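Q: Under this note's numbering, the first residue of the sequence shown is numbered 12, with each subsequent residue one higher. All C-beta atoms, glycine included, are put in the ideal place defined by N, C-alpha and C. Keep in mind the model is a prediction, meaning the values are calculated, not measured. Once you've had a glance at the structure underneath, I'll fire off some questions.
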Amino acid sequence: MLLTPSINNQIGSRLVGQWELRGVFFMPINIVLTSEGRGFLLSPSFAPGEGPQAMEFRYTINNTQPPFQIDLEPIGEEPIRTIFDFTEDGRIRVELLGIRPGEARPTEFTTGALFLHRVSSLTRLPNNTQIANSLETINKSREELAGLTISIFLSNQESYFQENKRFTLNLRDLDMELTARNLRYYDYVTYLPENATDPLIITVAAKVPGLRSFIGVIFPIKDGDTETFISGTCETIEPSTTPPPRPTLVNENIVCATGSR
12 MLLTPSINNQ
22 IGSRLVGQWE
32 LRGVFFMPIN
42 IVLTSEGRGF
52 LLSPSFAPGE
62 GPQAMEFRYT
72 INNTQPPFQI
82 DLEPIGEEPI
92 RTIFDFTEDG
102 RIRVELLGIR
112 PGEARPTEFT
122 TGALFLHRVS
132 SLTRLPNNTQ
142 IANSLETINK
152 SREELAGLTI
162 SIFLSNQESY
172 FQENKRFTLN
182 LRDLDMELTA
192 RNLRYYDYVT
202 YLPENATDPL
212 IITVAAKVPG
222 LRSFIGVIFP
232 IKDGDTETFI
242 SGTCETIEPS
252 TTPPPRPTLV
262 NENIVCATGS
272 R
């Protein structure tokens, strides 16, 4: 059973408040933990009139005996599973350095443990604090990465065709590689043309809610012995896990299907 700080009052009352991480960066880092299982990593702004930025995460406690098991989950990301306890002088000791999201939880502390010093019991964020990792911002960056990947794919396919008179399914032929970040949120599928007048198609389907899906096409244009291409990308207007229908070519312009742009 997962125990949030609001459920486990004994542990929660000791966690909740403002903490300071010292000696790791060039200046102390402030961390705010709330009774609702929300955490904020604050970074100051040095511009006059601007508030600090905060990276939000959720935290969940899994047991009631030290070392306590805690899951730290940045918004929209995999959780970091680790352990913490309290020192005799009231600091939090948390095993964190070198632990990657999704990895198994450590069972003991190492010299990589970090120590948080209590500053106050306050949890209200400073005025004008900007949440830097809102889900909207994160999803926008994921969509931008997918769109950029499609653009590079289409461009490299055109170059490959010019040299080899055909398209390819092998990304190595295109000097491309889909990273774990690409594949975590999108499925990429390529469809080779069935005949000389069909377009090359790549569909990019979102794996998680809240993201738009895409389709990219390359239409071959043959003029005598010369072959050129018209390529483009369409995205769903609303978030969808289904790519848009295939666009059409009208007067050498790509027209996205209904529900896409």
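Check residue 264 in the structure and name its three-state DSSP category.
A: DSSP places residue 264 in strand when its eight states are reduced to three.
Q: Using CA atoms only, rank isn't needed, just tell me which of 30, 223 and 104 is closest to residue 40.
A: If we check each option's Cα against that of residue 40, 30 comes out closest.
Q: In the DSSP output, what is residue 66 paired with across the bridge?
A: Paired residues: 52.
Q: Identify every run of the alpha helix (DSSP H) within the segment 131-196, keeping only runs that are complete inside it and at least 4 residues long; order them along the chain.
A: Runs found: 146-175 and 191-196.
Q: When DSSP labels each residue in this structure, what does residue 23 get in the three-state scheme?
A: DSSP places residue 23 in helix when its eight states are reduced to three.
Q: Around the Cβ of residue 180, are there at least 16 other Cβ atoms within 10 angstroms (buried) or fewer (exposed)?
A: With fewer than 16 Cβ atoms within 10 Å of its Cβ, residue 180 is classed as exposed.
Q: In whole angstroms, what is the alpha-carbon distance linking residue 165 and residue 266?
A: So the two alpha carbons sit approximately 17 Å from each other.
Q: Once you ignore the five residues that flank residue 254 on each side, which residues in its own chain have a CB closer than 7 Å to its CB?
A: So the list reads 214, 215, 216, 224, 225 and 226, once near-sequence residues are dropped.
Q: Where does residue 78 fall in DSSP's three states?
A: Coil.
Q: Rounded to whole angstroms, what is the Cα-Cα separation between residue 69 and residue 176?
A: Taking the straight line joining both Cα atoms gives about 52 Å.
Q: What residue range does the beta strand (DSSP E) around residue 3 cover?
A: Residue 3 cannot be examined here, being either before or after the span of the chain that is shown, 12 to 272.
Q: Between which two residues does the beta strand (DSSP E) holding residue 32 run?
A: Residues 28-32.
Q: Bridge partners of residue 108, per DSSP?
A: According to DSSP, which records beta bridges pairwise, residue 108 is partnered with nothing at all.
Q: Per DSSP, what are the beta-bridge partners of residue 200 in this structure?
A: Answer by DSSP bridge pairing, in chain order: 214.
Q: Could you name the residues of the same chain whose beta carbon sits closer than 6 Å to that of residue 66, not counting the 5 residues immediately before and after it, in chain order?
A: For residue 66, where only same-chain residues beyond five positions count, the Cβ hits under 6 Å are 52, 143 and 144.
Q: List the whole-angstrom C-beta distance separating residue 331 from residue 107, where the pair is believed to meet the contact cut-off of C-beta under 8 Å.
A: This structure gives no information on residue 331, because the portion of the chain shown stretches from 12 to 272.
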